[in-house]
Amino acid sequence: MRKRILEKVETIEIMMDSLEDLVEEFRDLETPEERIQYLIELGGSMPELSSEYCTEEYRVVGCQSMVWFVPHWDGTHFTFEASSDAPMVRGLAAILVSAFSGKTPQAILEFPIETIFQDLHLKSFLSPLRSNGLNSMIKRVREIALEKMLGGSARPSTAAVPSSQAKERKPAIAEQVDSLRGDFPILARKSDSGVPVAYLDNAASSQRPASVIDAISIVYREHYSNVHRSGHEWAGTTTEKMEASREAVRRYIDAPGVEEVIFTSGTTASINLIAQSWGRSRLSEGDEILLSEMEHHANIVPWLQLASQCGVKIRWIPIDEDFHIDMDAYKALLSPKVKLVSITAVSNVLGTVNPVQQIVREAKQFGAKVMVDAAQAVPHGPLSVQGWGADWGVFSGHKMLASSGVGVLWGRREILESMPAWQGGGNMIKLVTKEGFTEAGLPHKFEAGTPAIAEIVSFKPAIEYLEKLGGDALREHECILADRAIKGLKEIPGVDIYSPSRGERAGIVSFNLAKVHGDSVARFLDSRGIAIRVGHHCAMPLHQRLGIAVSCRASFYLYNTVEEVDRLVSAVHDAASLFR
């Protein structure tokens, strides 16, 4: 084993400069573009990580991209190997490998790596998500060193994962939830029976803070005009605000450029655009599309329509008994015939958080494109479409504090440029003659006609509100509420819960009361001022797979409280007694 470690040290020393040399070369670069390119080239110079290490055991949690750090211990010093599916992150990992390899655990803990990164002014060109990922990598290396000093195995921990297994503790959002609720005017209202409303239907649509409501109102009260057309002051102000929202979306999802952010009327419209533009122009009989059993109808029906138009075949990825995608079955379905994998990031019924990066990685081995339905992911904090590695990502505004009637299609620039315009009209053209027309460039070629201007403007204040809270704190808050709900509901005889018992889970809890129709349960809860959803939640194939017609769904968000969870559990208990 020691010989193997020494060989790894020699390989790293041969292929990488010393930390001092890296820092010196980095300082000589003047522009962010040069520094990013340097990181990419540096990452490319690292030895390839064996596939045996590219597993959950060695994955660094807290990174949007897939990152693996592997410690090797020779009895005195550590040597590290690392890799990532994101080229720039691989470069950052290379610096850490150079900095920490060959050091004792004590030296690793004492080494001032943050000072070096501050000196390099990394934050001047790293996005917040990239900075958080870098901090997670540093934290993981120090965890490994500390574990060794304490007599541990130096194996990866998952303590940082905001999952359903987290211990019940008071998160930061819980400490300020009363103040947060004051930002949402509608939450001050009571039901017709005079009781406070516990709004637990957030997976269907969230409520809006005053900052979002005001932003929409200001558009209509102060400067409403059409956009990208007229030359007067109001038109300029409105256009600037709309484009500021586009930039806010780009930042929030870590997209490379604003031209890749297409505004649509919602998730459904975004998926239909991909199906009818890319799908109809690229797919033909014999091609296959993979969908999972947990998909929303918006990610099913457009592909079924395409299948009837083009003769493509839809194949289904099953879920296992713990409500996760069966990854072995998924891998078995992949073949060169598969041209598209269209998958949800988070199930709107089960709350299952899918391993998007792994799903994408497997699909790319066969050259398939990947579309991610992020409608239930974006409300819960920033994400990185670059880290996912997918080709498209879609979501709606109304689930993430913004207005209804507006959504986003993000796509890789080269793919969007190759796709024909879906709808024709004003704003999506450069030139129109009697003989034909020339399409405008991105993003406008997919934004025909007058857009939902005020609704698009609402994206920016909504995103700023979510960024202020932080994704980790928000997800932790929701998981604690969901865990409490599941624990309480499990104690009620006759309650069936449809939620994964392992892995990361969103703040969604679906359940049924035995021998009682969900509608009766929902109406009883409504009489207690508790708003949930009942039905198939636009996921009929999933309910067929579960062997049920409908389910009751409680979904939690940033303004929900422990007290509201307890009201839910108490009301379901009373319903069980009433209908028994």
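In this note's numbering, the protein residues as written are 472 to 1051. Idealized CB from N, CA, C, for every residue including glycine.
Measure the C-alpha to C-alpha separation of residue i and residue j and round it to an integer number of angstroms.
i, j, result
"Glu764", "Ser554", "32 Å"
"Gly702", "Tyr695", "13 Å"
"Arg660", "Arg1051", "32 Å"
"Ile785", "Lys810", "11 Å"
"Val632", "Glu938", "For Val632, the predicted model reports a pLDDT of 32, less than 50, meaning its position is unreliable and no value from the coordinates is stated."
"Asp672", "Leu821", "14 Å"
"His1044", "Arg1004", "17 Å"
"Arg1038", "Glu585", "46 Å"
"Leu744", "Ile511", "33 Å"
"Pro826", "Ala816", "8 Å"
"Ile968", "Val783", "36 Å"
"Glu1034", "Ala846", "27 Å"
"Gln776", "Tyr509", "46 Å"
"Val494", "Glu523", "31 Å"
"Ala681", "Ala993", "29 Å"
"Pro964", "Ala1002", "22 Å"
"Arg640", "Ile951", "With a pLDDT of 39 at Arg640, under the threshold of 50, the modelled position of this residue cannot be trusted; read the value that follows with caution. Each residue's Cα considered, the two are about 8 Å apart."
"Ala1046", "Trp859", "43 Å"
"Ala637", "Arg692", "Only weak support is given to the placement of Ala637: the predicted model assigns it a pLDDT of 36, under 50, and the value that follows is read from those uncertain coordinates. If I take the Cα positions, the gap works out to 46 Å."
"Tyr723", "Ser855", "8 Å"
"Val772", "Leu621", "55 Å"
"Ser624", "Glu618", "Low per-residue confidence applies at Ser624: pLDDT is 46, beneath 50, and the placement is therefore not dependable enough to give any value."
"Ser516", "Gly838", "25 Å"
What are the boundary residues of the alpha helix (DSSP H) that includes residue i?
i, result
"Ala565", "558-571"
"Pro542", "Pro542 -> not in any alpha helix (DSSP H); beta strand (DSSP E) instead, spanning 538-544."
"Val683", "681-689"
"Trp705", "704-724"
"Thr739", "738-745"
"Gly858", "856-859"
"Asp799", "798-804"
"Gly959", "942-961"
"His851", "Unbroken run through His851: none, as it is neither H nor E."
"Gln1015", "1011-1017"
"Ile924", "924-928"
On the DSSP bridge list, what partners appear for residue i?
i, result
"Asn1031", "None; Asn1031 has no bridge partner."
"Asp649", "For Asp649, which the question treats as bridged, DSSP gives no partner whatsoever."
"Asp672", "Ser1026"
"Tyr969", "Ser981"
"Asp1062", "Because residue 1062 is not part of the residues shown, which for the chain are 472 to 1051, the question remains open."
"Glu759", "Lys784, Val809"
"Lys661", "Pro667"
"Phe549", "Trp544, Lys574"
"Val992", "Val992 is not bridged to any residue."
"Leu880", "Ile733, Val865"
"Val824", "Val817"
"Ser555", "Val538"
"Ile1001", "Ala669"
Write down the C-beta distance between residue i and residue j rounded to the nearest angstrom, noting that I regard them as a contact closer than 8 Å.
i, j, result
"Ser677", "Lys835", "About 33 Å separates the two Cβ atoms, so there is no contact after all."
"Thr709", "Val690", "7 Å"
"Asp862", "His767", "That pair is no contact at about 19 Å."
"Ser813", "Asn770", "6 Å"
"Pro932", "Ala686", "5 Å"
"Ala746", "Trp774", "6 Å"
Checking contacts by CB at 8 Å: is residue i closer than that to chain B?
i, result
"His851", "Absent from the structure is chain B; it holds one protein chain and no more."
Can you check whether the CB of residue j is closer than 8 Å to the CB of residue i?
i, j, result
"Val560", "Glu552", "no"
"Arg999", "Val666", "yes"
"Ile788", "Leu804", "yes"
"Ile924", "Val698", "yes"
"Phe571", "Phe588", "no"
"Leu1029", "Ile615", "no"
"Trp893", "Phe917", "yes"
"Pro971", "His795", "yes"
"Leu761", "Cys781", "no"
"Phe930", "Ala719", "yes"
"Ser1022", "Asn983", "yes"
"Val865", "Ile742", "yes"
"His548", "Lys574", "yes"
"Leu960", "Val1040", "yes"
"Val612", "Ile579", "yes"
"Val877", "Ser736", "yes"
"Met608", "Ala564", "yes"
"Val928", "Ser716", "yes"
Within the present structure, is the beta-carbon of residue i separated from the nearest heavy atom of the ligand FAD by less than 7 Å?
i, result
"Tyr969", "By its list of ligands, the structure shown contains no ligand whatsoever, and the ligand FAD lies outside what it can speak to."
For the beta strand (DSSP E) containing residue i, name the first residue and the last one.
i, result
"Val903", "900-903"
"Lys786", "Reading off the sequence, residue 786 comes out as Arg, not Lys. It spans 784-788 - the beta strand (DSSP E) in which Arg786 sits, taken as one unbroken run."
"Arg1004", "1004-1006"
"Ile733", "732-735"
"Phe908", "908-910"
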